[in-house]
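Single-structure report; data block below.
There are 2 protein chains.
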Amino acid sequence: MSSVGIRSTRQRSAVTSALTELNDFRSTQEIHEYLKERGDSVGLTTVYRTLQALSSAGEVDAILREDGESIYRMCSPAHHHHLVCRSCGLTVEVEGPTVEKWADSVSAEHGFSSVSHTLEIFGLCPTCS
Amino acid sequence: MSSVGIRSTRQRSAVTSALTELNDFRSTQEIHEYLKERGDSVGLTTVYRTLQALSSAGEVDAILREDGESIYRMCSPAHHHHLVCRSCGLTVEVEGPTVEKWADSVSAEHGFSSVSHTLEIFGLCPTCS
DNA sequence: AACGAACTTGACAATCATTTTCATTAAGCA
DNA sequence: TGCTTAATGAAAATGATTGTCAAGTTCGTT
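Residue numbers (my numbering), protein chains in the order written: chain B, 74 to 202; chain E, 74 to 202.
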């Protein structure tokens, strides 16, 4: 009857394995390029669709870079944020349970639901200071 | 000799007055449209440039919507964050001394200086839930 | 093992926000 | 008033993302 299946295809496993290997935030275009160079070519459109599907399924993290481009990465066990050097790009992952709790309570206070948040810290790293 | 002036023009005051009147987050395109309808037409390119200039001068708040489009609004006096409804765009300003302190200490821990941060919370407001 | 409905794919065209180009216009100082 | 230079804006360019649709696959069913 109604099997609303998500099928497993070569393309899908290619994308997830690329994400696993890269283990870092990458844009759709970069992942597409990576797969092409590796000889495991997947259509650009398909990479877009797959990443979006994985993202809304909660299987990958998606963040919006400052220039508006979306970048994806295999979901890491814990939700965290980034401390980015404005000059050299060095990125440090930081966690903030305090912040998470704060965001949740503020949202609840105002009656918001289905909340998500973005938090990035920019500055100059020790080397670039 | 070297007069590195920022000149005051009709277009610039049109953009700032539009921002003041609207008093809400709007996209560049929306502001451009608003000015055109009001008969105080300003080129789209100029609106883009003006908003970016105002933003980097710290005179307006700029945030990146989840779809990647930039939206701007007149700066309010104190540093604060936004709780934005994904559906209707309703924006609530929220303050978070906790978050500020957390961001500062995390940065210090990693030796970062000149730090700034962005934090936006997206969700569904009570009406849109 | 073959069938077939529904899901997937991918080349290409279409969108759409934003940027670049560059010739024209206008601020503001001397 | 004149002149230097910033500012403007129309049009073209860019670049990421989405839509289209015919052809290819998957997988439960026969």
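Note that the Cβ used here is the ideal one computed from N, Cα and C, for glycine as well. Remember, it's a predicted structure, so these values are computed and weren't measured experimentally.
- Phe195/E reaches chain B at Phe185, Ser187, Val188, Ser189, His190 and Thr191, counting residues in chain order whose Cβ is nearer than 9 Å.
- In the three-state reduction of the DSSP assignment, Thr119/B falls in the helix class, which pools H, G and I.
- By the criterion of a C-beta distance shorter than 8 Å, Asp97/B is surrounded in its chain by Arg146, once the five residues flanking it on both sides are discounted.
- Shown here, Ser186/E sits in a strand according to DSSP, grouped into three states.
- Excluding five sequence positions before and after Leu192/B, the CB atoms of its chain that fall closer than 7 Å to its own CB belong to His154 and Val172, given in chain order.
- Under the three-state reduction of DSSP output, Asp97/B falls in the coil class, being neither helix nor strand.
- For a Cβ distance threshold of 8 Å, residue set Leu156, Val167, Gly169 and Ile194 of chain B lies close to Val179/E, ordered along the chain.
- Using a Cβ-Cβ cut-off of 9 Å, Cys148/B does not count as an interface residue toward chain E, since no Cβ of chain E sits closer than that to its own.
- Among the residues facing chain B, Leu127/E is not included, as its CB has no counterpart in that chain under 9 Å away.
- In the DSSP secondary-structure assignment, Ile104/E is not bridged to any residue.
- Rounded to the nearest whole angstrom, the CA to CA distance from Lys174/E to Gly169/B is 11 Å.
- Ranked by Cα distance from Thr119/B, the first of Thr89/B, Val179/B and Ala176/B is Thr89/B.
- In terms of beta-carbon proximity, Leu117/B stays away from the interface with chain E, with every pair separated by 9 Å or more.
- Beta bridge pairing from DSSP links Val133/E with Met147/E.
- Here DSSP, grouped into helix, strand and coil, assigns Leu197/E to strand.
- In the structure shown, Glu166/E falls within a strand segment according to DSSP collapsed to helix, strand and coil.
- Around Leu124/B, the same chain offers Thr101 and Tyr145 as residues with beta carbons nearer than 6 Å, after the five sequence neighbours per side are excluded.
- By the 16-neighbour rule on beta-carbons within 10 angstroms, Gly131/E is exposed.
- Cβ neighbours of His190/B within its own chain (closer than 6 Å, five residues either side excluded): Ala176.
- Rounded to whole angstroms, the Cβ separation of Phe195/B and Val157/B is 5 Å, and the two are in contact under 8 Å.
- Assigned with DSSP and collapsed to three states, Thr82/E falls in coil, not helix or strand.
- Within chain E, not a single residue places a beta-carbon under 8 Å from that of Val88/B; the smallest gap is close to 21 Å.
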